[in-house]
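Position one of the sequence shown corresponds to residue 18 (the numbering used here), numbered consecutively onward. Ideal placement from N, C-alpha and C gives every residue a C-beta, glycine not left out.
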Amino acid sequence: MTKPVVNIADLEMKPTRKGSRFANVAGRIGGVVGMKDLGAQFIVVPPGKSGFPFHSHRNNEEMFIILEGEGTYRFGTESYAVRAGDVLSAVAGDASTAHQLINTGSVDLRYFAISTRNDPDILEYPDSGKFMVASGIPAGGGMMGAQFVMRGRDKPLLDYWDGEDTGEDK
18 MTKPVVNIAD
28 LEMKPTRKGS
38 RFANVAGRIG
48 GVVGMKDLGA
58 QFIVVPPGKS
68 GFPFHSHRNN
78 EEMFIILEGE
88 GTYRFGTESY
98 AVRAGDVLSA
108 VAGDASTAHQ
118 LINTGSVDLR
128 YFAISTRNDP
138 DILEYPDSGK
148 FMVASGIPAG
158 GGMMGAQFVM
168 RGRDKPLLDY
178 WDGEDTGEDK
């Protein structure tokens, strides 16, 4: 049986960096303590960076608990100043519920990210016009480890019959 207790100092922390705007070090918690339907991570974002692009989830909700630091929480068309002790919600929905945490402070932004684990999930990225569909997301793992992942752009939209042999002359 999985031990139901872990200290964040004992988490396996994995770094992610992309360009000059995105960086984080994250440790998964949910799977480590045996959770199957609830995901959790401890995330550290350095000053001036965001951990993830502006995005929304069609099928999952997230909650962020700020432990240390300060930043800006983009949610839909609004922005909110956040600091240690704040609890943020990201409800499931369309681009109007897109969210992103940006470290605007001078110290690391440290927070817990807690989420439902409904499968499949569809993510929208309003800043870049992308979407992602993920299914078969492993317990204790993230979207990138899903059995099926499809990324695309909103436009041009393919015809439903595109690429199918319909028996018609070409």
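So, is Asn-24 buried or exposed, given that buried needs 16 or more other C-beta atoms within 10 angstroms?
exposed
State yes or no: is the beta carbon of Ile-131 nearer than 7 Å to at least one beta carbon in chain B?
Here there is only one protein chain, and chain B is not present.
Assign Glu-79 to buried or exposed, taking buried as 16 or more other Cβ atoms, counted over all protein chains shown, within 10 Å of its Cβ.
buried
Start and end residues, beta strand (DSSP E) containing Tyr-177:
Element bounds for Tyr-177: n/a, residue is neither H nor E.
If you follow the beta strand (DSSP E) that Asp-136 is part of, which residue opens it and which one closes it?
Segment: none, Asp-136 is in no beta strand (DSSP E) and carries neither H nor E.
Contact check, Tyr-142 vs His-74, beta carbons under 7 Å
no
Quick one: residues in its chain with C-beta nearer than 8 Å to the C-beta of Leu-28, no 5 flanking neighbours on either side, listed in chain order?
Gly-44, Arg-45, Ile-46, Val-49 and Phe-59
What residue from Leu-105, Thr-114 and Asp-138 has the CA that sits closest to Ile-131's CA?
Leu-105
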